[in-house]
Amino acid sequence: MKALIVDDERLARKELMKLLEEHPSIEIVGEAMNAEEAIQMVNELNPDLLFLDIQMPGKTGFQLLEELDAVPFVVFTTAYDEFALKAFEVNALDYLLKPIQADRLSETVSKILDKEKSKSAAIRSADKKLGLNDQVFVKDGDRCWFVSLNNVRMFESDGNYIKVYFDSNRPMIHKSLNALDEKLDERAFFRASRKHIINLSWVESIEQWFNGGLMVKLKGGDKVEVSRRQAAKFKDMMSL
Amino acid sequence: MVNKKRLYWTLQITGWLSYVLLQIVFYNFSNESGIPLRRIFFFTIEGLICLGVTHLFRNYVNQWKWLNLSVPKMMTRVLPTISVLGIAIYFLRVPFSILFNIVTVQRVAFDPRQIIIGSSFYIILLFVWSLFYFTYHYIARYNKSLKYEASMIEIELNNLKNQLNPHFIFNALNSIRALVDENPVKSKQAINHLSNILRNSLTFEKKGLTKFEDELKIVKDYLSLESIRFEERLKTELDIHSESSKFLVPPFMIQTLVENGIKHGISKLTQGGTIHVKTLVDKNRLKIQIRNSGHLLNGARKGKFGGTGIKNTMQRLKLLYGDEASFRIVNENNNFVLTEIIIPQFINTA
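These protein sequence lines are chains A and B, in that order.
Quick note: the first sequence uses the working numbering, first residue 1, plus one each step.
Quick note: the second sequence uses the working numbering, first residue 1, plus one each step.
Here it is in structure tokens:
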């Protein structure tokens, strides 16, 4: 498993590398000392795992994650940041408190390896498009989520924002639907209309609609109209 | 200060005015023929004499700081003084009593019995005046000390929460642990720095002020630890005036401001920056200037993170020195933030 360490302090990075020597399954492919460097390295090295400090000069760890398309597994490393960590749902994240204890690190590593195992069954798309197995980082106000695209029913554009539908949450992210559409794997996600992108694995039923369009009902009850222009394409895809 | 002076004069004037009026009314009722004008003049002048004497007495009390004395010590000074003053008032009014024909036979005024009775009356009057004056001040002082205590407790709590912030301690420990392999000698020094800071923070609540050198040592220990953590990103410069050691300073105050500068300034900069601590001594005042790379955002003082450290500092200065100390934090130019405190050499006890 390829890991990238992101921390502004050299000694902190060094200490973590030393601790990770005990875990040969984790291969450290790089060290970044700020968010800018990290974003570049994530895109170049495509790591499976980030050890990420929250407080850094320039951008914080959260801002870094917001700028990434697909987010690898993330383990936050922080000295004392109850406040920042509370933003997450319980069990939704892994974090290590500095000074990092070897036992805690071992637990975290095995947890991550388990997660990785269950994920690797799916094929990673070679063109780096976002598939169902990828996760994204969503921050809305004070709350944060790591969302597996598997769980996202649909994306809805709303002005300059996109509403992300998953579970009972609909946080907004600052992106354009067109930009997102280009990054999503077209085998998993479909641009239903100007306003919507739907997750094909969530489609429950399809009905004919006015003007040659379609009305798609998603598991969970959301209904989305497929425009006439896209309807033919949609029928093609669904009928194989 | 202005309000206190105003209150003093209001009470003095209304007090003696009512004394004069009471005298007039009382005289008017006890004499069937009513009160002659010369009597009214005389009572007014008597009131003015009392006002003058008590005012001089009050200045004397302030000058010799009798309010700071314990009650028995104060009494042994006040009682003889008001006795002398009582006799003085008696004789001061003698020329007027003759002038206004109050005493028809001149020698009656110098009759020993008359002197004793007359003076005793004024001594009692002065005693009542002192009772009011000293009681007021003792209560005011007690209130102030209660307020002070309450604020100190609040500050201590805030200190526990903020000043030695856990983020700093755990980051320091983390760097030290990495340093153990890399540079064992340096890591031992770092442990000394950290333990010195921790020890001082534990004893600090017990003292109101500390020697400048002790505070400077804490600042140096703190900067050494942060230098280990930030490495080449943190440059430190100290420029200490040789007479600074004559001063006492509130413990951990300079350290807090230096920490603020690093936390909100340098740690936010990718390239790092410089922290510069300078002291100047001018006319029994110590000026401490802390400059750090960075930029103070508008309203950062009231911000979520910047608030408590600065608020605490201002509160402590106010409590310890009243208006004698000053504090400011400004953008000195585009690259540096200046934090400056000016403190007097002695605590103002008045």
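The beta carbon of each residue, even a glycine, is placed where N, CA and C say it ideally should be.
These figures come from a predicted structure and were not determined experimentally.
Report task. Give every residue of the same chain whose Cβ lies closer than 6 Å to the Cβ of Met237 of chain A, excluding the five residues on either side of it in the sequence, and list them in chain order. Result -> None.
Query raised in the report: Of all Cβ atoms in chain B, is any one closer than 7 Å to the Cβ of Asn34 of chain A?
Result: It does; some Cβ of chain B falls within 7 Å.
Query raised in the report: Since Arg229 of chain B meets chain A, which of its residues come closer than 9 Å, beta carbon to beta carbon?
Result: Going along chain A in sequence order, the residues near Arg229 of chain B (Cβ under 9 Å) are Glu9, Leu11, Ala12.
Query - N-terminal and C-terminal residue of the beta strand (DSSP E) that Ala192 of chain A is part of - result: For Ala192 of chain A, there is no enclosing beta strand (DSSP E), as DSSP marks it with neither H nor E.
Requested in this report: Quick one: using the 10 Å Cβ neighbour count with 16 as the cut-off for buried, is Ser119 of chain B buried or exposed?
Outcome: Classified as buried, Ser119 of chain B has 16 or more neighbouring CB atoms from the shown chains inside 10 Å of its CB.
Requested in this report: Mind reading off the beta-carbon distance from Phe76 of chain A to Leu52 of chain A? Whole number of angstroms is fine, and I expect it under 8 Å.
Outcome: Sure, about 6 Å apart at Cβ, within 8 Å.
Query - Completely contained alpha helix (DSSP H) runs for the segment 35-77 of chain A, where each covers 4 or more residues - result: Residue ranges of uninterrupted alpha helix (DSSP H) with 4 or more members, entirely inside the segment 35-77 of chain A and ordered along the chain, are 35-45, 61-67.
Report task. Give the secondary structure of Glu156 of chain A by DSSP, where H, G and I count as helix, E and B as strand, and everything else as coil. Result -> In this structure, Glu156 of chain A counts as strand in the three-state DSSP scheme.
Query raised in the report: Is any beta-carbon of chain A found at less than 7 Å from that of Arg58 of chain B?
Result: Chain A, which has no Cβ nearer than 7 Å to the Cβ of Arg58 of chain B, makes this no.
Query - Proximity below 7 Å, CB of Ile275 of chain B to CB of Thr236 of chain B - result: Result yes, Cβ atoms of Ile275 of chain B and Thr236 of chain B sit closer than 7 Å.
Query raised in the report: How would you list, in chain order, the residues of chain C whose beta-carbon sits under 7 Å from the beta-carbon of Gly30 of chain A?
Result: Reference to chain C is not applicable here, since the protein chains of this structure are A and B.
Query raised in the report: Using 8 Å as the threshold, is the segment 53-66 of chain A in touch with the segment 30-44 of chain A, meaning 3 or more CB pairs across them?
Result: Enough Cβ pairs lie closer than 8 Å, so yes.
Query raised in the report: In terms of alpha-carbon separation, which member of A:Asn160, A:Gln55, A:Lys217, A:Lys86 lies closest to Gln208 of chain A?
Result: Ranked by Cα distance from Gln208 of chain A, the first of A:Asn160, A:Gln55, A:Lys217, A:Lys86 is A:Lys217.
Query - Below-7 Å beta-carbon distance, Gly213 of chain A vs any chain B residue - result: Cβ-Cβ to chain B under 7 Å: no for Gly213 of chain A.
Query raised in the report: What is the DSSP secondary structure of Arg170 of chain A, counted as helix, strand or coil?
Result: Annotated three-state conformation of Arg170 of chain A is coil, per DSSP.
Query raised in the report: Taking DSSP as the reference, what is the three-state secondary structure of Leu80 of chain B?
Result: Strictly speaking, residue 80 of chain B in this sequence is Pro, with Leu absent from that position. Residue state for Pro80 of chain B is assigned as helix, using DSSP reduced to three classes.
Query raised in the report: Should Pro99 of chain A be flagged as near chain B, meaning a C-beta pair shorter than 7 Å?
Result: Interface residue, yes.
Query raised in the report: How many Å lie between Ile290 of chain B and Gln255 of chain B at the Cα?
Result: Those two C-alpha atoms are separated by around 10 Å.
Requested in this report: Determine the DSSP secondary structure at Phe252 of chain B, reduced to helix, strand or coil.
Outcome: The answer is coil: DSSP assigns Phe252 of chain B none of H, G, I, E or B.
Query raised in the report: Should Pro24 of chain A be flagged as near chain B, meaning a C-beta pair shorter than 7 Å?
Result: Put simply, the CB of Pro24 of chain A is far from chain B, with every gap to its CB atoms at 7 Å or more.
Report task. Answer yes or no: do Gly294 of chain B and Asn260 of chain B have a C-beta to C-beta separation smaller than 7 Å? Result -> In this structure, Asn260 of chain B does not lie closer than 7 Å to Gly294 of chain B by Cβ.
Requested in this report: Step through the CB atoms of chain B and report whether any lies within less than 7 Å of the CB of Tyr95 of chain A.
Outcome: Not closer than 7 Å to any Cβ of chain B, the Cβ of Tyr95 of chain A fails to qualify, so no.
Report task. Rounded to whole angstroms, what's the CA-CA distance from Leu392 of chain B to Ile139 of chain B? Just pull it up for me. Result -> Only positions 1 to 350 of chain B appear in this structure, which leaves residue 392 of chain B out of reach.
Query raised in the report: Are the C-beta atoms of Lys268 of chain B and some chain A residue less than 7 Å apart?
Result: At least one chain A Cβ lies under 7 Å of Lys268 of chain B.
Query raised in the report: Alpha carbon to alpha carbon, how far is Gly303 of chain B from Glu21 of chain A?
Result: Unreliable positioning characterises Gly303 of chain B in this predicted model, as indicated by a pLDDT of 43, which lies under 50. A coordinate reading is not provided.
Query raised in the report: Could you give the distance in angstroms between the alpha-carbon of Ile218 of chain B and the alpha-carbon of Leu79 of chain B?
Result: The straight-line gap separating the alpha-carbon atoms of Ile218 of chain B and Leu79 of chain B is approximately 50 Å.
Query raised in the report: Candidates B:Thr14, B:Gly15, B:Pro36, B:Ile13: which alpha carbon is nearest Ile24 of chain B's?
Result: Per the Cα distances, B:Pro36.
Report task. Kindly indicate the opening and closing residues of the beta strand (DSSP E) around Met215 of chain A. Result -> In the DSSP assignment, Met215 of chain A falls within the unbroken beta strand (DSSP E) covering 214-218.
Query raised in the report: Among A:Tyr80, A:Leu184, A:Phe190, which one has its Cα closest to the Cα of Gly131 of chain A?
Result: Residue A:Leu184 is the option with its Cα nearest to Gly131 of chain A.
Report task. Kindly say whether Ala79 of chain A, judged by its beta-carbon, lies nearer than 7 Å to any beta-carbon of chain B. Result -> So yes, Ala79 of chain A belongs to the interface.
Query - Local conformation of Leu67 of chain B per DSSP, three classes - result: Three-state DSSP puts Leu67 of chain B in a helix.
Query raised in the report: Name the chain A residues that come within less than 7 Å of His264 of chain B, Cβ to Cβ?
Result: Under the 7 Å cutoff, chain A gives no residues; its nearest Cβ is about 12 Å from His264 of chain B.
Requested in this report: Could you give the DSSP three-state label for Asn3 of chain B: helix, strand or coil?
Outcome: In the structure shown, Asn3 of chain B sits in a helix (DSSP, three-state: H, G or I).
**Report entry** Buried or exposed by the 16-neighbour rule on C-beta atoms within 10 Å, applied to His174 of chain A
**Finding:** The residue is exposed, with fewer than 16 neighbouring Cβ atoms inside 10 Å.
Report task. For Asn151 of chain A, collect the residues of the same chain with a Cβ closer than 8 Å to its Cβ; drop the 5 residues on either side in sequence, then sort them by chain order. Result -> Excluding its 5 nearest sequence neighbours in each direction, Asn151 of chain A has C-beta neighbours in its own chain below 8 Å: Phe166, Asp167, listed in chain order.
Query raised in the report: Going by other Cβ atoms of all chains shown within 10 Å of its Cβ, with 16 needed for buried, is Thr351 of chain B buried or exposed?
Result: Examination of residue 351 of chain B is not possible in this model, given that chain B is present from 1 through 350 alone.
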